[in-house]
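Peer 1: Sending over a structure as structure tokens; questions will come in a sec.
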DNA sequence: GTCCGGACCA
DNA sequence: TGGTCCGGAC
């Protein structure tokens with residue numbers, strides 16, 4: 029089997045992108061501009077902005093001579109406007125410090141504002157044929173899958189491993205085609221969802237493909253801590269029957285039968301008297317449980333209460349023996365609580381719903 | 001609505 | 001080390 033890089037280069041030449049507006053020559057200014065625009069932004073969005081930008085600022089001197097406002101105006105709608113400010117600052121610096129000649133090493137390019145390690149390497153490789161590795165989001169995905177690298181790429185150790193791997197794969201020749209090929213591979217075939225493995229030149233030794241892990245690599249970022257909410261859920265028992273209330277159609281658990289809720293800091297018995305006009309006393313607290321939603325995490329403190337036997341009908345509520353309540357549409361954590369209660373108190377006689 | 005993403009900054 | 005910047009894809 030040919031080396032990884034050879035296959036990427038051959039594929040790029042036959043199937044990769046060659047007609048993007050910054051590929052028409054090896055102008056480092058245009059390549060740099062495109063790489064900055066392509067940070068956090070997809071090619072399809074960038075193309076139009078790029079064309080307008082180079083029409084107005086065709087070279088470094090034009091950009092360095094512009095006002096920041098004019099640069100930002102052409103950036104308007106692309107987002108991440110610090111990119112435009114850094115771009116302008118960098119153009120001025122190149123004019124001053126390099127006499128308007130674009131620096132031609134990754135190190136010097138990377139010293140420009142707004143240019144990190146990967147962008148510097150991309151410009152150095154594409155514009156000057158320098159042998160340096162890139163590692164943008166696309167390449168991280170390709171390498172994590174091909175090498176089967178587990179772990180979130182934002183993790184320092186994982187990212188270090190990816191950089192080492194990227195450098196170990198670099199060919200001696202055809203650096204520009206290889207670099208473009210890695211970008212094209214990630215953008216065209218090795219996409220986040222639905223990768224086109226059958227068309228991939230490095231499928232044969234791809235770890236993720238072999239082990240069926242293309243959809244789990246790269247490891248997604250850890251869930252960020254969701255907001256926490258706390259609530260007390262009341263298990264109100266009257267002669268073996270539990271009070272359930274129907275939730276509003278909208279919002280969490282819309283239309284399901286759930287338990288009465290109280291805020292954590294109120295006294296349960298007081299809350300029941302005020303809200304339902306019922307006399308109750310707390311028996312004990314049940315083990316707390318947590319439930320994850322997409323946008324918050326709910327911590328539930330269930331409390332068991334006994335009612336004085338003066339039950340009355342409440343609109344939107346129902347009294348059910350725990351075993352019968354399990355037949356109703358219950359939210360998952362409520363079902364769990366009710367199931368525990370049904371196991372614990374199976375002997376109460378059933379009685380009709382009031 | 002959620003997830004994603006380079007560079008920079010606190 | 002985690003937050004911030006923004007818009008697009010899904």
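Numbering (my numbering), first residue to last: 29 to 382. All C-beta atoms in this analysis are idealised placements derived from N, C-alpha and C, irrespective of residue type, glycine included.
#1: Would you check if there are 3 or more beta carbon pairs closer than 8 angstroms linking the segment 144 to 160 to the segment 46 to 56?
#2: Helix, strand or coil, according to DSSP, for residue 257 in the structure here?
#3: Around the C-beta of residue 30, are 16 or more other C-beta atoms found within 10 angstroms, so that it is buried, or is it exposed?
#4: Look at the Cβ atom of residue 160, then the Cβ atom of residue 149, and state whether they are nearer than 8 angstroms.
#5: Let me check one thing: in DSSP terms, what residues is residue 290 bridge-paired to?
#6: What's the C-alpha gap between residue 78 and residue 183?
#7: Quick one: residues in its chain with C-beta nearer than 6 angstroms to the C-beta of residue 317, no 5 flanking neighbours on either side, listed in chain order?
#8: With residue 152 as the anchor, note down where its alpha helix (DSSP H) starts and where it stops.
#9: Below 8 angstroms between beta carbons: does that hold for residue 212 and residue 67?
#10: Can you round the beta-carbon distance between residue 282 and residue 276 to whole angstroms, since I take them to be within the 8 angstroms contact cut?
#11: Buried or exposed: which applies to residue 173, given that a residue is buried once 16 or more other Cβ atoms fall within 10 Å of its Cβ?
#12: Return the Cβ separation of residue 206 and residue 33 in integer angstroms, given the expectation that the two are a contact with Cβ distance under 8 angstroms.
#13: Which residues in the same chain have their Cβ closer than 8 angstroms to the Cβ of residue 75, if we skip the five residues on either side of it in sequence?
#14: Assign residue 56 to one of three DSSP states: helix, strand, or coil.
#15: Taking C-alpha atoms, which residue in 186, 294 and 80 lies nearest to residue 248?
#16: Drop a sphere of 10 angstroms on the beta-carbon of residue 381, count the other beta-carbons inside from all chains shown, and report buried for 16 or more, exposed for fewer.
#17: Measure the alpha-carbon distance for residue 330 versus residue 341 and round it to whole angstroms.
#18: Can you grab the Cα-Cα spacing for the pair residue 140 / residue 120, in whole Å?
#19: What residue from 146, 315 and 272 has the CA that sits closest to residue 353's CA?
#20: Given a cut-off of 8 angstroms, decide if residue 366 and residue 265 are closer than it, judged by their beta-carbon atoms.
#21: Along the chain, which unbroken stretches of the alpha helix (DSSP H) at least 4 residues long are found entirely within the segment 76 to 127?
Peer 2: Reading off the structure:
#1: yes
#2: Within the first chain, the letter at position 229 stands for residue 257. Strand at residue 257.
#3: Stepping through the first chain from its first residue, residue 30 is reached at position 2. Per the 10 Å Cβ criterion, exposed.
#4: As a working mapping, residue 160 is identified with position 132 in the first chain. As a working mapping, residue 149 is identified with position 121 in the first chain. Result yes, Cβ atoms of residue 160 and residue 149 sit closer than 8 angstroms.
#5: Locating residue 290 in the first chain gives position 262, where the first residue counts as 1. DSSP lists 260 as partners of residue 290.
#6: Taking the first residue of the first chain as 1, we reach residue 78 at position 50. Taking the first residue of the first chain as 1, we reach residue 183 at position 155. When rounded, the distance between both Cα atoms is 32 angstroms.
#7: Residue 317 sits at position 289 when you count from the first residue of the first chain. Closer than 6 angstroms at Cβ, skipping near neighbours: 328 and 361.
#8: Taking the first residue of the first chain as 1, we reach residue 152 at position 124. Segment 145 to 156, the alpha helix (DSSP H) holding residue 152.
#9: One-based indexing of the first chain puts residue 212 at position 184. One-based indexing of the first chain puts residue 67 at position 39. No, these two residues do not count as a Cβ contact at 8 angstroms.
#10: Indexing the first chain from 1 puts residue 282 at position 254. Indexing the first chain from 1 puts residue 276 at position 248. The Cβ separation is near 7 angstroms, so the contact holds.
#11: Within the first chain, numbered from 1, the residue matching residue 173 stands at position 145. Under this definition residue 173 is a buried residue.
#12: As a first step, residue 206 must be located in the first chain, where it is residue number 178. As a first step, residue 33 must be located in the first chain, where it is residue number 5. Yes, they are in contact, since the Cβ atoms of residue 206 and residue 33 sit about 5 angstroms apart, within 8 angstroms.
#13: Here residue 75 refers to the residue found at position 47 of the first chain. The answer, listed in chain order, is 48 and 49.
#14: Mapped onto the first chain, residue 56 falls at position 28. Residue 56: helix per DSSP, three-state reduction.
#15: Residue 248 sits at position 220 when you count from the first residue of the first chain. Ranking 186, 294 and 80 by Cα distance to residue 248 puts 186 first.
#16: Taking the first chain and counting its residues from 1, the one referred to as residue 381 is at position 353. With a pLDDT of 37 at residue 381, under the threshold of 50, the predicted position of this residue should be treated as unreliable, and no value is reported.
#17: Here residue 330 refers to the residue found at position 302 of the first chain. Here residue 341 refers to the residue found at position 313 of the first chain. Between the alpha carbons of residue 330 and residue 341 lies a distance of about 23 angstroms.
#18: Against the first chain, residue 140 aligns to sequence position 112. Against the first chain, residue 120 aligns to sequence position 92. Distance between the alpha carbons of residue 140 and residue 120: 10 angstroms.
#19: As a working mapping, residue 353 is identified with position 325 in the first chain. Measuring from the Cα of residue 353, the nearest candidate turns out to be 272.
#20: In the first chain, residue 265 corresponds to position 237, counting from 1. In the first chain, residue 366 corresponds to position 338, counting from 1. Not a contact, by the Cβ cut-off of 8 angstroms.
#21: 88 to 92, 96 to 103 and 110 to 125
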